[in-house]
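K.L.:
Protein sequence lines, in the order shown, are assigned to chains U and S.
When the letters of the first sequence are read in order and numbered with our numbering, they come out as residues -14 to 445.
When the letters of the second sequence are read in order and numbered with our numbering, they come out as residues -14 to 445.
Ideal placement from N, C-alpha and C gives every residue a C-beta, glycine not left out.
Sharing a structure here in structure tokens format.
There are 2 protein chains.
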Amino acid sequence: MSGVGHYDVIVMGGGPGGYIAGERLAHAGLKVLVAEAQALGGTCLNVGCIPTKSLLNGAKLYAHALYGEKFGVTATGVSYDWGAMQAWKTTTVDTLVGGVGAMLKRLKCEVVTGHATLIGPGEVEVDGTRHTSEHVIIATGSEPVMPAFPGTQGNPKVIDSTGMLAVEQVPQRLAVIGGGVIGVEFASLFAALGSQVTVIEMMDEICPFMDADVAAALRKGIEGDVTFHLGSTVTAVDDATVVFTARNGEEQRVEADLVLMAVGRRPLVSGWGAEEAGLDVSRFGVVVDDQMRTNLPNVWAVGDVTGRSLLAHAAYRMGEIASAHIIDTAAATKAGQVMRWHTIPWAVYSLPEAAGVGLTQAQASERYGEILTATVPLALSGRFVAENGVKAPGLVKVVADAATRTVRGVHMLGTYAPETIWGAVAALETELSIDDLRQVVFPHPTVSEGIREAVWAVRG
Amino acid sequence: MSGVGHYDVIVMGGGPGGYIAGERLAHAGLKVLVAEAQALGGTCLNVGCIPTKSLLNGAKLYAHALYGEKFGVTATGVSYDWGAMQAWKTTTVDTLVGGVGAMLKRLKCEVVTGHATLIGPGEVEVDGTRHTSEHVIIATGSEPVMPAFPGTQGNPKVIDSTGMLAVEQVPQRLAVIGGGVIGVEFASLFAALGSQVTVIEMMDEICPFMDADVAAALRKGIEGDVTFHLGSTVTAVDDATVVFTARNGEEQRVEADLVLMAVGRRPLVSGWGAEEAGLDVSRFGVVVDDQMRTNLPNVWAVGDVTGRSLLAHAAYRMGEIASAHIIDTAAATKAGQVMRWHTIPWAVYSLPEAAGVGLTQAQASERYGEILTATVPLALSGRFVAENGVKAPGLVKVVADAATRTVRGVHMLGTYAPETIWGAVAALETELSIDDLRQVVFPHPTVSEGIREAVWAVRG
């Protein structure tokens, strides 16, 4: 615990956006204080990306053990121990949170546990102690949205993603309100573990940020294990029964043992002095420019609180960009340290997985008018067929603008998609054309070759 | 079966280099004949990449079922059925070989089964039938080297990789002569299936094409399951016992039930008229320039037969480049259709996997003098820790030249390495600097982020 002090930079929040800023700034020799009310690593490490991926890995191993026969591997008495899965999840989280702490300590970045309040530029109070600094970075993150349908308030059977990660037993029947990333990942996880899962989504398709064809293929890939009600508006929850107006206008009910509320997350913009300090906050979050500057001098905001992207790796990048400009804004400007929102990839760790970057076909059509596009099944990949068979769900879509043939989007459903998509990010960053990307050699046999096949399948 | 004909292009060999040439040329509207003596897909699809990956996937599933307890998944009575694994392998191979045939047929590329002989420029004989063409592409591939140690000739217990793929039962004890890619993949496969495996390698480290640190880490990752004798020269085989001179000069023996000869492959340069036609053949293979031209007019060579790279994806690229120049050499030259050997990645599908592209640290030091490099453990990746634990083998090394800071090599050991390395290929193709690559956003949480961590770990 540090006493009153003056710092080069005070970072409010120790999640991905905040801790990476602490890391980059301390590495550059600046005197930095990171104030975190709960645990370093924020939502991502503690109740988000990492625990879900830890449990999803267990679910994947369980599915592999159950369904290995086709590949010549049999196992009897396959079971999972939810308690042991939780214990492994905790081990993973503790290891990684400990790693962040150790890394910041090694770099001599001070960390204080406490609730930080912005007083104004260069002034932050942490649990009653006033600190001063040249710069302040706001990285307060986001929280799950809990809409107040009748029957949800104080209902112990209606929980958010944080609660869902800690349930003491796997529910026999799970209703998920919301078919975005969080809803789909949890639906996939619990369906794999044997729950009877139903997803109720207001829009006509799950994951509206995805290219429509990929979203539909993902849904079809999960359907069977999970029941989807699309275009359906939830009106109430009664104990663990979800009441909703279906697409045809009829009232329907899904009886469950637990209800996961996964309608989204919202920036945490109150409770830490934003209004009092005169910070410009829109209904989307703290308003920032593409270098992460707020309206107040030397006050920056990064990560979920900006509402620009609620992804951990976007938060990392925002933290890096704010740090680069704090360290040397002239050099940072020259080096192009600016958020390029169109090159932020997304990944969904459902079974099957999906990932993508750039414009969807619809967005590209709207932006460029004439576009080039091709979609290929992953059955064209030898490794995919060897590991999954030809009928497993998997596809790649590539989108380019017709005028310059520059690649504008790459979208993928299938095994390894999250691990392979960064190459497409690099391609978008360097503005490769379809013709350039055709010359890039992919190792054989890989599922990543599906991207190459899609690029070659573009006409002309 | 086609009769006597005149073609735009005759392709001798239907492996990766040959069939992709058939595909690209036929797609461009040329009249093409592909002559293949055995099965379309060549070594890669029939007795190489694809069957090994099919079996390795089974071995991975088996290992997952055995060792899932740490992650909360248990199974009693885990077993594999080698016959069923073989059957799945055959299904995979048949599907993919059928796919190549169907694709060529759809493009109206003629395929003839038969032994092709080059008579001279524009003249090829297939099983006694003389065909003529404007161009000839030689894609005859390679074959396993079977050195004639005493005791190997006619010894049914000494087999090559093709034989190993088809063994009727998993040997209790397997001796592998040669610690290159093939030796290591088979050692990994059979060790995972319970064989007691010993690898005898002449060099001081396995996989000499790899960065030395990655090769050592890979070996250590496999050691325990597999015994390695490095710097050891095999002198004889007696039944299934391998006799070798160990590093300390002493004669040693490894008793086994089967011996896999995996000392390498050599270009198939004889038996199809190379000498008679006056083709320039060195001891490495058919001599070609970087556009795949041989010394004879309009005679091209691609793939293993050139000896330049014995990798399927290198063969694909060579086939594409020859095709591009046959279609329109002015346009191809303008578009940079030339082999860039330094951007051909490699991948090893051992457990753990490895992949890389570009210069090793030693090569970069030699080429550039001053270099920048950093190596990080994959324990820095949250997904890696969630799926494997902090102690699992995994690292990334990045190498750049100090003068320009351009990335010259990326080398990786750990899960998903083969699927993620193509991004590094794209980075090398576009000559990204360390600073450029630091701005590329990787999705979180992925193992691919290890590459980003390594790039950030470079000093300066």
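Kindly indicate which three-state DSSP category Lys382 of chain U falls into: helix, strand or coil?
P.N.:
Lys382 of chain U falls in the strand class under three-state DSSP.
K.L.:
Could you check where the alpha helix (DSSP H) with Pro403 of chain S kicks off and where it finishes?
P.N.:
It spans 402 to 405 - the alpha helix (DSSP H) in which Pro403 of chain S sits, taken as one unbroken run.
K.L.:
Looking at C-beta atoms only, is the number of pairs between the region 316 to 334 of chain U and the region 373 to 386 of chain U that lie closer than 8 angstroms three or more?
P.N.:
Not touching, per the Cβ criterion.
K.L.:
How long is the line joining the alpha carbons of Ala13 of chain S and Val166 of chain U, rounded to whole angstroms?
P.N.:
So the two alpha carbons sit approximately 42 angstroms from each other.
K.L.:
The alpha helix (DSSP H) spanning Met131 of chain U covers which residue range?
P.N.:
Per DSSP, Met131 of chain U belongs to no alpha helix (DSSP H) and is neither H nor E.
K.L.:
Using CA coordinates, which residue listed in U:Gly168, U:Leu413, U:Tyr401 is at the minimum distance from Pro430 of chain U?
P.N.:
Minimum Cα distance to Pro430 of chain U is reached at U:Tyr401.
K.L.:
Against chain U, does Pro337 of chain S count as a neighbour if the rule is that its beta carbon must be under 8 angstroms from one of theirs?
P.N.:
Judged by the 8 angstroms Cβ criterion, Pro337 of chain S is not in contact with chain U.
K.L.:
Are there 16 or more other CB atoms within 10 angstroms of the CB of Arg393 of chain U, so buried, or fewer, so exposed?
P.N.:
Flag for Arg393 of chain U reads buried.
K.L.:
Counting pairs of Cβ atoms below 8 angstroms between the region 217 to 224 of chain S and the region 92 to 107 of chain S, do you hit three or more?
P.N.:
The region 217 to 224 of chain S, when compared against the region 92 to 107 of chain S, does not touch it at the 8 angstroms Cβ threshold.
K.L.:
Rounded to a whole number of angstroms, what is the C-alpha to C-alpha distance between Leu460 of chain U and Lys382 of chain U?
P.N.:
Given that chain U is displayed from residue -14 to residue 445, the structure contains no residue 460 of chain U and the question cannot be resolved.
K.L.:
Report the partner residues of Glu240 of chain S according to the DSSP bridge assignment.
P.N.:
BP columns for Glu240 of chain S point to S:Thr226.
K.L.:
Inspect the beta-carbon positions of Gly304 of chain S and Gly2 of chain S and report whether they are closer than 8 angstroms.
P.N.:
Going by C-beta atoms, Gly304 of chain S is nearer than 8 angstroms to Gly2 of chain S.
K.L.:
Please state the DSSP three-state secondary structure of Leu398 of chain S.
P.N.:
Residue state, collapsed to three classes: strand.
K.L.:
Taking 8 angstroms as the CB-CB cut-off, is Ala385 of chain U touching chain S?
P.N.:
No, Ala385 of chain U lies away from the interface with chain S (no Cβ there is under 8 angstroms from its Cβ).
K.L.:
If I'm right that Leu264 of chain S touches Ser127 of chain S with Cβ under 8 angstroms, what's the distance once you round it to whole angstroms?
P.N.:
Incorrect: roughly 16 angstroms between the Cβ atoms, too far for contact.
K.L.:
Cutting at 8 angstroms between CB atoms, please list the residues of its own chain near Gln154 of chain U, excluding the five before and the five after it.
P.N.:
Trp67.
K.L.:
Any Cβ of chain S within less than 8 angstroms of the Cβ of Gln276 of chain U?
P.N.:
It does not; no Cβ of chain S falls within 8 angstroms.
K.L.:
Apart from the five residues just before and just after Leu89 of chain U, which ones in its own chain have a Cβ nearer than 6 angstroms to its Cβ?
P.N.:
Taken in chain order, the residues that qualify are Gly7, Val96.
K.L.:
Could you tell me the alpha carbon to alpha carbon distance between Ser267 of chain U and Val440 of chain U, rounded to whole angstroms?
P.N.:
Roughly 40 angstroms between the two C-alpha positions.
K.L.:
Taking only beta-carbon positions, decide if Val272 of chain U is within less than 8 angstroms of chain S.
P.N.:
Closer than 8 angstroms: no.
K.L.:
Closer than 7 angstroms, Cβ to any Cβ of chain S: which residues of the region 34 to 45 of chain U, in chain order?
P.N.:
Taking 7 angstroms as the Cβ-Cβ cut-off against chain S, the residues of the region 34 to 45 of chain U that qualify are Cys34, Ile35, Lys38, Ser39, Asn42, Gly43.
K.L.:
Can you look up His429 of chain U in the DSSP assignment and give me helix, strand or coil?
P.N.:
Coil, per DSSP.
K.L.:
Less than 7 angstroms between C-beta atoms, sequence neighbours within five positions excluded: which residues of the same chain meet that for Cys29 of chain S?
P.N.:
Only Gly0, Pro1, Ile35, Ala297 meet the Cβ criterion.
K.L.:
Pick from U:Asp420, U:Ala349, U:Leu422: whose alpha carbon is nearest that of Ala197 of chain U?
P.N.:
Of the listed residues, the one whose Cα sits closest to Ala197 of chain U is U:Ala349.
K.L.:
Helix, strand or coil for Gly105 of chain U per DSSP?
P.N.:
In the structure shown, Gly105 of chain U sits in a strand (DSSP, three-state: E or B).
K.L.:
Is it buried or exposed, Tyr205 of chain U, if we count other Cβ atoms within 10 angstroms and call 16 or more buried?
P.N.:
A small correction: the amino acid at residue 205 of chain U is Lys; Tyr does not occupy that position in the sequence shown. The residue is exposed, with fewer than 16 neighbouring Cβ atoms inside 10 Å.
K.L.:
Within 8 angstroms (strictly less), CB to CB, does Pro330 of chain S reach chain U?
P.N.:
It does; some Cβ of chain U falls within 8 angstroms.
K.L.:
Would you mind reading off the limits of the beta strand (DSSP E) that contains Trp331 of chain S?
P.N.:
First-last of the beta strand (DSSP E) with Trp331 of chain S: 331 to 333.
K.L.:
Can you grab the Cα-Cα spacing for the pair Gly99 of chain S / Gly27 of chain S, in whole Å?
P.N.:
Looking at the two C-alpha atoms, the distance is approximately 13 angstroms.
K.L.:
Does the region 109 to 116 of chain S come close enough to the region 67 to 84 of chain S that 3 or more CB-CB pairs lie under 8 angstroms?
P.N.:
Flag = no, the region 67 to 84 of chain S and the region 109 to 116 of chain S do not touch.
K.L.:
Using the beta-carbon count (16 or more within 10 Å), is Tyr334 of chain U buried or exposed?
P.N.:
Tyr334 of chain U is buried by the Cβ-count criterion.
K.L.:
Met(-14) of chain S by DSSP, collapsed to three states: which one?
P.N.:
Bear in mind that a pLDDT of 44 at Met(-14) of chain S, under 50, signals an unreliable position, so the model cannot answer this.
K.L.:
Take the Cβ of Phe194 of chain S as the centre, count every other Cβ of all protein chains shown within 10 Å, and call the residue buried at 16 or more, exposed below.
P.N.:
Looking at its Cβ environment, which holds fewer than 16 other Cβ atoms inside 10 Å, Phe194 of chain S is exposed.
K.L.:
Exposed or buried, what is Asn280 of chain S when buried is set at 16 or more other beta-carbons lying within 10 Å of its beta-carbon?
P.N.:
Exposed, because fewer than 16 other Cβ atoms sit within 10 Å of the Cβ of Asn280 of chain S.
K.L.:
Cβ closer than 7 angstroms: which chain S residues qualify as neighbours of Tyr65 of chain U?
P.N.:
Within 7 angstroms Cβ-Cβ: Gly57, Val58.
K.L.:
Can Leu245 of chain S and Ala225 of chain S be called in contact, C-beta distance under 8 angstroms?
P.N.:
The answer is no: Cβ separation not under 8 angstroms.
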